[in-house]
Structures are given as structure tokens and as C-alpha cells.
Amino acid sequence: MNAQDKMAISIRNAAKQFGNFIALDNVSLDIAPNEFFTLLGPSGCGKTTLLRMIAGFETATQGEIFLYDEEIEKLPANRRSVNTVFQQYALFPHMTVAENVAFGMRMLKVPKDEITKRTSEALSMVQLAEFSHRRPSQLSGGQQQRVALARALAPKPKVLLLDEPLSALDLKLRQSMRAELKRIQRQTGITFVFVTHDQEEALTMSDRIAVMSAGKVQQVGTAKDIYERPNNIFVANFIGETNLIEVKIESIVKSVANCRMFDGSLIACTADAIAANIKTGKISVRPERLKLATKSSKGIKGVVTQSIYLGTDTQHIVRLGNQTELTIRSQNGDGPDANYEIGQEISVVIDPGVARLLTE
Amino acid sequence: MAAHFNLNANSSKPSQTIAKDQAYQLLPAVLLICLFVVLPLCLIAIFSFLKPGTYGGVEWVFSAGSYVQFLFEQDFLTENLVFSANYLSIFFNSFVLAITATVLCLIIGFPTAYFIATRPERTRNIWLFAITVPYWVNLLIRTVAMLFIIRDQGPINSILIATGLISEPIRFAYTNFAIGLGLFYSYLPFMVLPIYAAIERLDFSLVEAAHDLYATRRSTLWNIIIPVVKPGIIAGCLLVFIPSLGSFIAPDILGGGKNLMIGNLIALQFQGSRNWPFGAAVAVILLTLVLSILLFFAMRSAKEARK
Ligand SMILES: Nc1ncnc2c1ncn2[C@@H]1O[C@H](COP(=O)(O)OP(=O)(O)OP(=O)(O)O)[C@@H](O)[C@H]1O
Ligand SMILES: [Mg+2]
Numbered sequence: 342m343n344a345q346d347k348m349a350i351s352i353r354n355a356a357k358q359f360g361n362f363i364a365l366d367n368v369s370l371d372i373a374p375n376e377f378f379t380l381l382g383p384s385g386c387g388k389t390t391l392l393r394m395i396a397g398f399e400t401a402t403q404g405e406i407f408l409y410d411e412e413i414e415k416l417p418a419n420r421r422s423v424n425t426v427f428q429q430y431a432l433f434p435h436m437t438v439a440e441n442v443a444f445g446m447r448m449l450k451v452p453k454d455e456i457t458k459r460t461s462e463a464l465s466m467v468q469l470a471e472f473s474h475r476r477p478s479q480l481s482g483g484q485q486q487r488v489a490l491a492r493a494l495a496p497k498p499k500v501l502l503l504d505e506p507l508s509a510l511d512l513k514l515r516q517s518m519r520a521e522l523k524r525i526q527r528q529t530g531i532t533f534v535f536v537t538h539d540q541e542e543a544l545t546m547s548d549r550i551a552v553m554s555a556g557k558v559q560q561v562g563t564a565k566d567i568y569e570r571p572n573n574i575f576v577a578n579f580i581g582e583t584n585l586i587e588v589k590i591e592s593i594v595k596s597v598a599n600c601r602m603f604d605g606s607l608i609a610c611t612a613d614a615i616a617a618n619i620k621t622g623k624i625s626v627r628p629e630r631l632k633l634a635t636k637s638s639k640g641i642k643g644v645v646t647q648s649i650y651l652g653t654d655t656q657h658i659v660r661l662g663n664q665t666e667l668t669i670r671s672q673n674g675d676g677p678d679a680n681y682e683i684g685q686e687i688s689v690v691i692d693p694g695v696a697r698l699l700t701e
Numbered sequence: 002m003a004a005h006f007n008l009n010a011n012s013s014k015p016s017q018t019i020a021k022d023q024a025y026q027l028l029p030a031v032l033l034i035c036l037f038v039v040l041p042l043c044l045i046a047i048f049s050f051l052k053p054g055t056y057g058g059v060e061w062v063f064s065a066g067s068y069v070q071f072l073f074e075q076d077f078l079t080e081n082l083v084f085s086a087n088y089l090s091i092f093f094n095s096f097v098l099a100i101t102a103t104v105l106c107l108i109i110g111f112p113t114a115y116f117i118a119t120r121p122e123r124t125r126n127i128w129l130f131a132i133t134v135p136y137w138v139n140l141l142i143r144t145v146a147m148l149f150i151i152r153d154q155g156p157i158n159s160i161l162i163a164t165g166l167i168s169e170p171i172r173f174a175y176t177n178f179a180i181g182l183g184l185f186y187s188y189l190p191f192m193v194l195p196i197y198a199a200i201e202r203l204d205f206s207l208v209e210a211a212h213d214l215y216a217t218r219r220s221t222l223w224n225i226i227i228p229v230v231k232p233g234i235i236a237g238c239l240l241v242f243i244p245s246l247g248s249f250i251a252p253d254i255l256g257g258g259k260n261l262m263i264g265n266l267i268a269l270q271f272q273g274s275r276n277w278p279f280g281a282a283v284a285v286i287l288l289t290l291v292l293s294i295l296l297f298f299a300m301r302s303a304k305e306a307r308k
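Here the protein sequences come in this chain order: A and B. Take 342 as the starting number for the first sequence in our numbering and just add one per residue. Take 2 as the starting number for the second sequence in our numbering and just add one per residue.
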């Protein structure tokens with residue numbers, strides 16, 4: 342991304358307080374045009390608050406929000422070219438589906454025949470053309486959801502905000518809607534800002550993800566970035582599963598850290614964002630990156646406490662000498678079965694480069 | 002018709018059948034209604050087709066004379082029936098006053114209801130309480146008090162004269178204006194409460210959605226809030242309009258007995274003029290008109306629901 346390119350949304354040092362409670366703490370984000378951008382984080386971390394600030398339903402306590410370089414923080418919601426798909430849909434109950442979809446364009450004083458044309462386009466995009474004369478109460482949850490989507494898309498906003506739009510749907514529907522949302526985003530070229538607390542949803546749909554926690558943005562990056570190169574322990578734990586082992590930092594040279602484990606052995610791990618004066622940390626290794634070997638092999642010694650067959654994988658839990666428990670997942674293949682019994686003493690092998698040094 | 006008085010805009014349809022054991026629960030209410038509503042109504046309908054007794058009461062002889070009297074006058078000399086708009090004009094005047102009171106109540110009541118419904122939950126009840134406090138005082142006393150306030154020597158005129166704005170008192174009392182004001186004041190809570198109930202149930206994310214879709218505050222009010230709370234508005238209007246139409250205390254006291262309304266006309270027949278059949282006939286005509294209005298709204302909203 343070129344710094345000269347106009348960002349679709351640019352948030353500068355935004356903060357939001359409710360009374361004494363800090364809901365958002367100095368958030369800065371850049372969202373590029375045509376991007377499928379996801380805000381991911383646990384419940385209560387401020388995702389909805391941030392989205393509502395972009396939409397204009399909530400004023401920032403401080404900071405600025407830009408929409409294509411135009412400062413919009415002071416603009417009322419109805420003058421921001423941003424539309425929202427509400428979690429509970431918020432469809433107008435006294436209007437038909439078509440009237441709901443046409444509403445935004447009507448308010449923008451789009452000519453009548455163009456409203457008709459774009460309404461039917463939007464409805465066929467979400468495959469609801471034949472329902473245009475129904476009332477929202479005569480639709481299923483999934484259909485209402487798609488009306489909400491069509492209604493927000495029809496005025497062609499510069500940015501579409503979606504607050505957990507799939508959370509009220511059942512699993513099957515949710516999965517098919519993911520693909521559909523992705524298709525619609527590509528088809529329309531509209532920037533999507535998508536809120537979810539479901540990491541699978543975030544990883545499968547997004548171009549980039551902002552991981553949030555306690556009102557702060559912890560990390561922004563592609564799904565691969567945040568999974569493979571988490572910035573801190575929160576992100577490593579929140580995205581996927583990970584093993585954390587306490588270590589002492591011996592030296593850091595060019596983002597490679599030499600760390601001493603509790604058993605005295607040295608391990609080299611990647612370290613991007615560690616301050617030089619920090620002496621202890623944790624290394625993070627994903628379960629599928631750890632390997633098990635017989636007791637005599639080189640590695641950290643431990644005892645198998647659990648062995649679970651998971652179909653494609655087998656998962657072992659190993660207790661190390663310092664009582665840390667590690668989860669190790671190995672693929673079941675054609676080769677010799679990597680099956681270790683409970684109580685068996687083994688070695689856990691961490692290959693060079695798979696461990697990542699992190700701090701809180 | 003029940004649907005119109007149902008203040009809940011989103012209520013689901015009531016089930017079509019009533020189980021047997023539920024019928025027993027209804028029995029006391031049904032008996033009471035038969036005894037004190039249906040029976041008197043039947044009596045009134047019958048009375049309206051009888052001849053008046055000389056000293057009040059009725060003579061049990063069939064006659065449509067009361068209905069004829071409503072529209073025609075007997076010429077003293079020729080004994081021919083001549084069309085007379087006297088009573089029609091009382092009806093017309095009553096409708097104008099009742100509609101004025103309803104519109105006034107709506108204009109004042111809607112913002113009030115909106116204001117209360119958007120207060121934090123804790124303070125809402127205090128506001129509602131404040132609205133109803135004046136109504137703990139008897140209607141007659143409140144109406145007389147109003148007369149004292151607006152009469153020529155009352156505080157309003159006194160203040161206006163004292164400040165030099167006017168030299169002669171403005172004639173408020175004993176006018177149609179005074180009656181309209183009295184009706185408005187008597188029935189305002191009947192407008193506020195159903196509208197409040199509807200707005201309180203309004204899902205405010207609809208308002209946000211409208212703003213999000215480029216609606217100004219004004220167009221959100223017209224396009225979203227008013228249509229969604231319409232059942233409450235209709236209920237409030239009916240609850241003000243119907244009793245206003247038949248009201249007789251306000252016109253009696255504030256109108257000084259000069260500006261009759263239907264209620265006074267009926268009351269007069271049973272008290273002073275002692276023409277019970279005519280009073281009954283006027284009551285039947287009023288009832289028919291009110292029922293037609295209700296039926297009109299019932300059919301319209303049934304049509305809308307079917308859409
Ligand atoms: N109007 C408000 N007044 C006070 N506190 C609020 C208000 N709105 C939100 N909060 C607080 O701000 C924090 C962030 O809320 P927000 O709704 O943004 O969370 P979220 O990340 O969307 O969570 P979820 O995934 O559960 O929807 C919460 O702790 C919440 O209690
Ligand atoms: Mg939320």
C-alpha cells in the first residue's frame with residue numbers, strides 16, 4: 342500500500358469514554374479502498390463502538406476520522422457516505438422489502454426510475470427479487486439479513502459497515518453467507534468494514550484484520566500475518582491455538598533472539614517487536630509446528646498425558662519438567678503412526694525458526 | 002375492532018378460538034356488559050321511537066316523531082313540516098370543536114409523549130405521574146378553575162391589561178375557543194398515554210437506520226417514527242375525539258350554555274325540556290356516527306394489515 346494513496350477510512354488517535362470507562366483507547370487505523378477489513382476481538386473490546394463512531398452514531402471523545410481524506414467526525418450520520426448493516430437488521434416494519442431497499446436512495450433524492458432500477462438490482466444481487474413486495478415480518482431471518490444488506494448497498498456508499506451480520510444465523514446459513522458476502526464485496530468493489538468475534542469468520546473472509554482487545558488495536562495484518570507473526574501474547578492466544586513457554590532472553594540480534602529455556606537449553610526464535618531492555622518473555626509455537634520424538638532424541642523432555650485421535654490429526658498433550666503443558670498436533674499419514682501412549686516419556690522437538698518470542 | 006385499541010403496535014394476532022374454560026372467565030364481564038351497557042342501549046333505542054310523556058318519561062306509543070323533529074320544524078300556522086338546520090348545526094359545531102380539540106391534543110401530546118418515552122427509564126414514571134396529577138381533581142372543578150383563569154377579570158386578562166398590551170379584556174370565556182381549550186385540557190392524557198406506549202416500544206435502531214440511510218431528523222419523523230407508532234396515534238385520537246364529541250361539562254361551563262354541543266342537547270332533553278324520546282333519538286344518531294367512524298378506521302387498518 343502506497344502512502345500517497347487515499348485511504349477509504351483513516352482513523353487518527355480516536356478515543357471514546359463512557360463516563361470514566363475507556364471503551365476505545367487511542368485507536369489509529371487505515372483501511373484501503375476495496376478492502377474487506379475486519380475488526381476482530383473478544384466481546385466488549387469496543388468493536389461496535391468503533392463502528393458506530395465511523396457511522397456517526399457515537400461521537401469520539403478525541404481523535405479524527407477521515408473518509409477519503411475528508412474529515413467526517415463532526416458530520417451527522419445522515420451526511421456520511423457510509424451505510425450500516427445492523428446486527429438486528431433494523432428493517433422498517435411498515436415498508437415492503439422494495440421500499441426498505443429504496444429508502445436510502447429516496448432520501449438522497451435519486452430519480453424515481455433509477456431508484457426502481459437499482460432496487461431490483463440490489464435485490465437480485467442478494468437473490469431476493471421475488472420477495473420485493475413482502476413485509477420484513479414475512480421473511481426468514483436469513484432473508485431479512487439479506488434485505489438489510491441490499492438496503493445498505495443500494496445507495497452505493499463509499500464504505501459499508503457490518504456489525505456481526507451473521508451472528509443471528511445458524512451455522513449452515515452462516516457459512517454460505519460468508520461466501521456470498523465475499524462475492525458481493527468483490528462484485529461491488531465497496532470497502533467493507535466487518536465486525537466479528539468469530540476468528541474463523543475473520544480468517545476466511547478478510548483481506549486484513551485488526552485484532553482488538555480492551556479498547557486497543559493489538560495488531561493489524563493479513564490472516565497469515567497475524568497467525569504466523571503475532572505481535573504479542575494476546576494475539577497469539579486469541580488467533581488459533583498456541584503453546585507458550587517462559588524463557589529468559591539472552592540476546593537479540595536482527596530480530597533473532599537467543600533464549601534460554603527452563604531446562605537450560607538455548608533456542609533461537611524470531612522476535613520482531615521486542616524492546617532491548619526486556620529480559621524475560623514467552624515463546625509461542627503453534628501445536629502443528631511442534632514434533633514428538635523418542636526419549637533419546639534431542640529436545641525438551643516430557644511425559645504424554647493425553648492422546649486424542651481427531652481424524653486427520655492426532656493431538657497429544659505433554660507435560661514438561663516445569664509443569665507447563667504443551668499441545669502437539671501431528672497429521673495422520675501413510676507413514677508410521679506417530680502414536681505415543683499416555684505416561685510415555687518423550688522429547689518435544691522445536692525446529693529452528695518456528696518459535697516466536699513474545700511479550701504481553 | 003379490538004385491534005385499534007390495542008396499543009401494542011407489534012402484537013401478534015390473537016388466536017381465533019376461545020377455549021371453553023376461558024369462556025367461564027369471561028362470564029362476569031359479559032353479564033355486567035349485558036346489564037349496564039346492552040340493556041340501556043336497547044332502552045335508548047326503544048325510547049327514541051316512542052312519544053314523549055307530558056311530564057318527562059315516555060308514552061308507550063310508536064312514533065318516529067323524534068327523528069323527524071331532528072331535521073324538521075313544525076310551522077305554527079300551517080302545521081307543515083319545514084326543514085330546519087338547528088340541530089344539524091349543533092352537530093356540526095360539536096364535530097368542529099371535537100376535531101379542534103383532537104388536533105390540539107395531538108400537536109401538544111405527540112412531542113410530550115416523545116419526550117417522556119425518550120427519557121432514561123428511571124425518570125419516565127415521574128414524568129408520567131406529573132402528567133396525570135391534575136386529573137386527580139374532579140373534572141367539574143378543573144373546568145370551573147379554567148373559567149376563572151380565562152374570564153374577563155381573570156389573571157390572563159389582568160396581566161395583559163397591567164402590562165399595557167391591551168386596554169379592554171379579551172373575551173375568552175363563553176366562546177367556542179373556551180370550549181375547545183376546555184376539551185383539549187380535559188382529554189390531553191388520553192392522547193399522551195397511548196402515543197407514549199407506542200413510542201416506548203419503538204425500536205430506536207430503526208431511527209438510527211434511517212439516519213444512516215441519509216434521512217434528516219424531519220424525514221425520519223415522517224417516514225419512520227409516525228408510521229410505526231400510528232396505531233398509538235389513532236388510539237389517542239379516538240380516545241380524545243369520541244368523549245369530546247359527547248362532552249357536556251366543558252360547553253356547559255366554558256360555553257356559558259350559549260354554545261351547545263351534542264352532549265348538552267341530550268342532557269337538556271332529559272333534564273329541562275323533558276323530551277326523553279328526542280334525547281334518545283339524538284343519542285342514537287350520535288352513536289351511529291361514532292360507530293361509523295370507528296368502523297371506517299377498523300376497515301382501513303384491516304386492509305393495511307392484509308397488504
Ligand atoms: N452507551 C454506553 N455506555 C456505557 N458503556 C458502554 C456504552 N456502549 C458500550 N459501552 C461499553 O464499552 C465497551 C465496548 O462495547 P462494544 O459494544 O463496543 O463492544 P463489542 O466489542 O462490540 O462487544 P460485542 O462483541 O459483545 O458486541 C463495553 O465494555 C461496553 O460495556
Ligand atoms: Mg458489538
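By construction, the Cβ of each residue, glycine as well, lies at the ideal position given by its N, Cα and C atoms.
Proximity test, T389 (chain A) beta-carbon vs ligand 2 heavy atom, cut-off 6 Å
yes
What runs of the alpha helix (DSSP H), each 4 residues or longer, lie entirely inside the region 550-587 of chain A?
For secondary structure counted as the alpha helix (DSSP H) over 4 or more consecutive residues, the region 550-587 of chain A holds these complete runs in sequence order: 564-569 and 574-579.
Closer than 6 Å: S384 (chain A) CB and nearest ligand 1 heavy atom:
It does: the Cβ of S384 (chain A) is within 6 Å (strictly closer) of some heavy atom of ligand 1.
Going by alpha carbons, who is nearest to F298 (chain B) out of B:R275, B:N260, B:P232 and B:T176?
Answer by Cα proximity: B:P232.
Got a sec: is the Cβ-Cβ distance from Y115 (chain B) to anything in chain A below 7 Å?
no
Are the region 274-292 of chain B and the region 46-64 of chain B in contact at 8 Å, needing three or more beta carbon pairs?
yes
Under 8 Å, CB to CB, which of the residues in the region 446-459 of chain A have a partner in chain B?
M448 and L449
Answer with buried or exposed for C35 (chain B), where buried requires no fewer than 16 other C-beta atoms within 10 angstroms of its C-beta.
Per the 10 Å Cβ criterion, exposed.
Examine the Cβ distances between the region 531-547 of chain A and the region 492-503 of chain A and report whether three or more of them are shorter than 8 Å.
Proximity of the region 531-547 of chain A to the region 492-503 of chain A meets the contact definition, three or more beta-carbon pairs being nearer than 8 Å.
Leaving out five residues on either side along the sequence, give the residues of the same chain with a beta carbon under 7 Å from the beta carbon of T313 (chain A).
Since the first residue shown for chain A is 342 and the last is 701, residue 313 (chain A) is missing from the structure and cannot be characterised.
Sub-7 Å separation of V241 (chain B) and Y188 (chain B) beta-carbons
yes
P498 (chain A) by DSSP, collapsed to three states: which one?
Reduced to three states, the DSSP call for P498 (chain A) is coil.
What is the C-beta distance between Y197 (chain B) and A114 (chain B), in whole angstroms, given that I count them as a contact (C-beta under 8 Å)?
Between A114 (chain B) and Y197 (chain B) the Cβ distance is about 4 Å, and since that is below 8 Å, they are a contact.
Starting from the Cα of F191 (chain B), find the closest Cα among B:S220, B:E74, B:A236 and B:P121 and give me that residue.
B:A236
Once you ignore the five residues that flank E686 (chain A) on each side, which residues in its own chain have a CB closer than 6 Å to its CB?
K636 and V644
Which chain B residues sit within Cβ distance under 9 Å of F427 (chain A)?
S206, E209, A210 and D213
Can you name the residues of chain B whose CB is closer than 8 Å to the CB of P496 (chain A)?
L214 and Y215
From G397 (chain A) to E414 (chain A), what does the alpha carbon distance come to, in whole angstroms?
7 Å
Contacts around S67 (chain B), its chain only, beta-carbon distance under 6 Å, and the 5 residues preceding and following it disregarded
S49, P278, F279 and A282
Report the three-state DSSP secondary structure of H212 (chain B) (helix, strand or coil).
Shown here, H212 (chain B) sits in a helix according to DSSP, grouped into three states.
Relative to the C-alpha of A364 (chain A), which candidate in A:K557, A:M446, A:L370 and A:M436 has its C-alpha closest?
A:K557
Taking P228 (chain B) as the query, report the chain A residues whose CB atoms sit under 7 Å from its CB, ordered along the chain.
H435
Based on the DSSP output, what are the partners of I21 (chain B) in its beta bridges?
The sequence given here places Lys at residue 21 (chain B); Ile does not occur at that position. K21 (chain B) is not bridged to any residue.
If you run the structure through DSSP and keep just helix, strand and coil, what is G233 (chain B)?
helix
Name the one or two DSSP bridge partners that Y650 (chain A) has.
A:T655
Among the residues of its own chain, which have a CB less than 6 Å from the CB of I670 (chain A), if the five just before and after it don't count?
Inspection of the sequence shows that residue 670 (chain A) is occupied by Arg rather than by Ile. Once the five neighbours on either side are set aside, the close Cβ partners of R670 (chain A) are P628, E629, D654 and Q656.
According to the Cβ coordinates, are V368 (chain A) and I352 (chain A) closer than 7 Å?
For V368 (chain A) and I352 (chain A), yes; Cβs fall inside 7 Å.
Is there contact here, the region 198-209 of chain B with the region 160-176 of chain B, by at least three beta-carbon pairs under 8 Å?
no
Reference I649 (chain A); option with closest CA among A:N599, A:Y681 and A:E471:
That would be A:Y681, whose Cα lies nearest to the Cα of I649 (chain A).
Rounded separation between L296 (chain B) and A463 (chain A) - CA only
Using only the alpha carbons, I get a separation of about 40 Å.
Which residues in the same chain as S688 (chain A) place their Cβ atom closer than 8 Å to its Cβ, once the five residues preceding and following it in sequence are excluded?
Excluding sequence neighbours, S688 (chain A) sits near L633, A634, T635, K636, S637, S638, K639, G640, I641, K642 and G643.
For A614 (chain A) and N573 (chain A), what's the separation of their Cα atoms in angstroms?
8 Å
Host beta strand (DSSP E) of N177 (chain B) (start-end):
Unbroken run through N177 (chain B) is the alpha helix (DSSP H), N177 to R202; no beta strand (DSSP E).
Using only the alpha-carbon positions, how far apart do L261 (chain B) and S95 (chain B) sit?
Taken atom to atom, the span from the alpha-carbon of L261 (chain B) to that of S95 (chain B) is near 8 Å.
Got a sec: does ligand 1 put a non-hydrogen atom nearer than 6 Å to the Cβ of F359 (chain A)?
yes
Which residues mark the beginning and the end of the beta strand (DSSP E) in which D366 (chain A) is found?
F362 to I372
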